[in-house]
Structures are given as structure tokens and as C-alpha cells.
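Chemist:
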Amino acid sequence: MKKNILIAGGAGYIGSHMCKYLAEKGFRPVVLDNLAYGHRQAVKWGELIEGDVSDSRLLDRLFSEYRFSAVMYFAAFINVGESVTDPAKYYQNNVGAAIHLLESMQRHGAGNLIFSSSCAVYGEPQEIPLTEKHPYHPINPYGRSKLMVEQILSDFDAAYGMKYTSLRYFNAAGADPDGELGEDHNPETHLIPLIFQTVLEKREILSVFGDDYPTKDGTCIRDYIHINDLARAHLLALERLLKGGDSAAYNLGNGAGYSVKEVIDMAEKVSAKTVPYEIKPRRAGDPPVLIGSAEKAVRELGWKPEFPDLESIMKTAWDWHRTHPEGYR
Ligand code: UDP
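Position one of the sequence shown corresponds to residue 1 (my numbering), numbered consecutively onward.
(1) How many angstroms separate the CA atom of GLY38 from the CA atom of GLU204?
(2) Answer yes or no: the CB of SER207 versus the heavy atoms of ligand 1, is any distance below 8 Å?
(3) Taking the alpha carbon of GLY26 as the reference point, which residue from GLU50, ASP212, ALA36, MET1 has its own alpha carbon closest?
(4) Within the stretch 204-233, note down every full beta strand (DSSP E) run reaching 3 residues or more, in order along the chain.
(5) Pull up the distance between the alpha-carbon of SER271 and that of HIS108, whole angstroms please.
(6) Less than 9 Å between the C-beta atoms of SER207 and LYS273, yes or no?
(7) Using a Cβ-Cβ cut-off of 7 Å (strictly less than) and excluding sequence neighbours within five positions of ARG257, which residues of its own chain qualify?
(8) Assuming LEU35 and ALA8 make a contact with CB atoms under 8 Å, what is their CB distance in whole Å?
(9) Is THR85 near ligand 1, with its Cβ less than 8 Å from a heavy atom?
(10) In this structure, does DSSP put LEU35 in helix, strand or coil?
(11) Between VAL263 and ligand 1, is there a pair consisting of the residue's CB and a ligand heavy atom that are separated by less than 8 Å?
(12) What would DSSP say about SER333, mapped onto helix, strand or coil?
(13) Cα separation between LYS146 and PRO138?
(14) Give the C-beta separation of ARG168 and SER118 to the nearest angstrom, bearing in mind that I take them to be a contact with Cβ-Cβ under 8 Å.
(15) Considering only the beta carbon of each residue, do PHE209 and VAL260 sit closer than 9 Å?
(16) At a cut-off of 8 Å, is ASN140 close to ligand 1 when judged by its beta-carbon and the heavy atoms of the ligand?
(17) So what's LYS25 in DSSP terms, helix, strand or just coil?
(18) Would you give the residue range spanned by the beta strand (DSSP E) that TYR277 belongs to?
(19) Expressed to the nearest angstrom, what Euclidean distance is found between the alpha-carbon atoms of GLY218 and GLY51?
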């Protein structure tokens, strides 16, 4: 019998790719999403239950009915800037709602949670690449909300033996190589979709936030990781927990950094079009360089990225945007 996996936030960018991946590997994803930001059209591999992660009655019903082997938690707000102007919204959802889910898991004796964390838990890097041992000094409510949940998970494990894996993503990017899923946020704040929307003339011009950083070309450097490589890491983490593995946290990045200008150049290469851009002031809270070491995931999970270079990541992104200029709409 197929194992049921609850995918909280499975209609979103990473969650939807995860569902496809799990279904291909013989699991049965069950999506819980309130569709506040997710897309109904992105839920193609498994049932969609429309509802809130904070709805304890609904969760109790789902845990009794489906007897989930594991839970993957993608249902968080992700806009760093908004987390600064509206922290209540972020703590309420990213922390408060998460606690409801955890309590429900505890009531039902469910375990094996895979939590979408972020390199934002580290804050300004003291050294590059960032390893899991780097101190935690998140610099915005978004990063703090992720760290708080990680700490709550650790307490739940100590008290109730609830096992979890925190996966700290660097910059998720790219799209399903089959072209069935892609990245579509509303509002869009991420660099790569914004670049391609500009290429497709959905936007007039791209803003580059700062060209006076202490980097080779003055623009920020980030570590972009393909969405399917993220999905595979989740699967490996899931298999490890199902075999009785202990709670752990892993960075997920390629260990290679690309500047905003390099990303623009690559977009021009893969699309064979020009990206009009203008330099704007720095965005608050953007460290100059974020590059992760995923050695622990390589060593302990046997993870290896299949899209280690920016070109292959951006080709899949371009294919999605080119064929879905309006996103899922
Ligand atoms: N960025 C930019 N213009 C934009 C959006 C992003 O120059 O319109 C830069 C941003 O400052 C950062 C990088 O692109 O250095 C990646 O930003 P994104 O929001 O995609 O991801 P983040 O690093 O914030 O998770």
C-alpha cells in the first residue's frame, strides 16, 4: 500500500514540485492548502484539501483518516520585506499555525516532519560557505519565524520524541523539467521570475537592488538550487526518517554563487533576448553573499544535485515562463 504523506502548502512552488516527485516515487501525497498563495492548477498529483494548517478540527480528521507516514511543511509566507512591515502576519502564520499542526501530529502520535527552513536562520554570514554550524542570527521576522519553528521542533522531539528534519534552502529556482509546473508567485519578488517576466514584456524594466556591494561586479551573490534537487533532498530525508533516523538539519544549496548580473547574463543566454534593467538602491536586509555548504546532506543523505550549474537551472525556468507567460492563470 502506498504511504500517505501530508503536504502542507502543496499548491505552492516547492510543495507542488514535491507532490509530483513523491507520486513518481510511489508515495501518495495529500495536499492541504488554503490557496491564499497556492494554485489549484498546480495540484495534479494527489488530492487537494482546501483548508488552513491552523484548523485543528480539520487536521484531527485528516490524521485519523489518512494515517500519514510523514508530513512535509511548506505552508509559510516567504516575503522577507513584508515580514518586516507586517511581522504579526508572519509570526501568526509561520509560527502560530505551525504549532497547531505540530500539536495535531502529537495528539495522533504522528511523526516524521520535514520542515522547509531557510538559510535566513543564519543572518549575515560570518564565513562563506555557510555550514549548519554557523551561529543563528536571523535579521528579519521571516528568518526568525523559521528559526523559532526549528527550536519548537527540537523541543517537541525532546518532549514527545517527534522526529523531524529541517531543510535550510538557499535560493530555490527553476521549474519542472517536463514543463508541467513552475514558479508563479503573486506578488512576485524573486529575481529569476522577475527577469523572465521582463523578457516577456510583462514588466517594463528589472530593478537591480544595489551595484555597490563588495562583490566582483558589485551585485549580490546567491546560491541557486533547482527545485527538483530540493524535492530529491526531501525524499532522501523522508526515507531516512522512515528508517528511524534521528532529527537533523541540512543546508541545501549548490555551493556555488552567482551575482545578480551573472543571473541576468544567463537569462539573456538561455532566452536569446535582452533584459532591460536599472540599478536601484540596495534592498534592506540583503547580505552581499550567501553561499551554502551542503556537504552534510551529501554525506548523510547521499544527496547530489542534478542541476549543479546556473545554466541548466535557468533553462528549465525559461521553458516554464516562455510557455506560461501568464503563470497558472
Ligand atoms: N534582486 C534584484 N531585483 C529584484 C529581485 C531580487 O536585484 O527585483 C536581487 C536581491 O537583492 C538578491 C537576489 O536578487 O540579491 C535574489 O533575490 P530573491 O528575492 O530572488 O531571493 P532572496 O535572496 O531574497 O531569497
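For each residue, glycine too, the CB sits at the ideal point set by N, CA and C.
Computed from a predicted structure; not experimentally measured.
Modeler: The relevant details are as follows:
(1) Approximately 26 Å between the Cα atoms of the pair.
(2) Yes - ligand 1 has a heavy atom lying nearer than 8 Å to the Cβ of SER207.
(3) With distances taken between Cα atoms, GLY26 lies closest to MET1.
(4) Taking only runs of at least 3 residues, the beta strand (DSSP E) segments lying wholly in the stretch 204-233 are 206-209, 224-226.
(5) Looking at the two C-alpha atoms, the distance is approximately 50 Å.
(6) No, they are not a contact pair.
(7) Checking the sequence shown, residue 257 turns out to be Gly, not Arg. Closer than 7 Å at the Cβ level, and outside the excluded window around GLY257, lie ILE221, ARG222, ASP223, VAL289, ILE291.
(8) Not quite, the Cβ-Cβ distance comes to about 13 Å (not below 8 Å), so this is no contact.
(9) No.
(10) In this structure, DSSP gives LEU35 a state outside helix and strand, which the three-state scheme calls coil.
(11) VAL263: yes, Cβ under 8 Å from ligand 1.
(12) Look at the range of the chain in this structure, 1 to 329, and you will see that residue 333 is not part of it.
(13) Straight-line Cα distance between these residues: approximately 9 Å.
(14) Correct: roughly 6 Å between the Cβ atoms.
(15) Yes, Cβ-Cβ distance for PHE209 and VAL260 is below 9 Å.
(16) The answer is no for ASN140.
(17) Here DSSP, grouped into helix, strand and coil, assigns LYS25 to coil.
(18) Per DSSP, TYR277 belongs to the beta strand (DSSP E) from 277-280.
(19) If I take the Cα positions, the gap works out to 44 Å.
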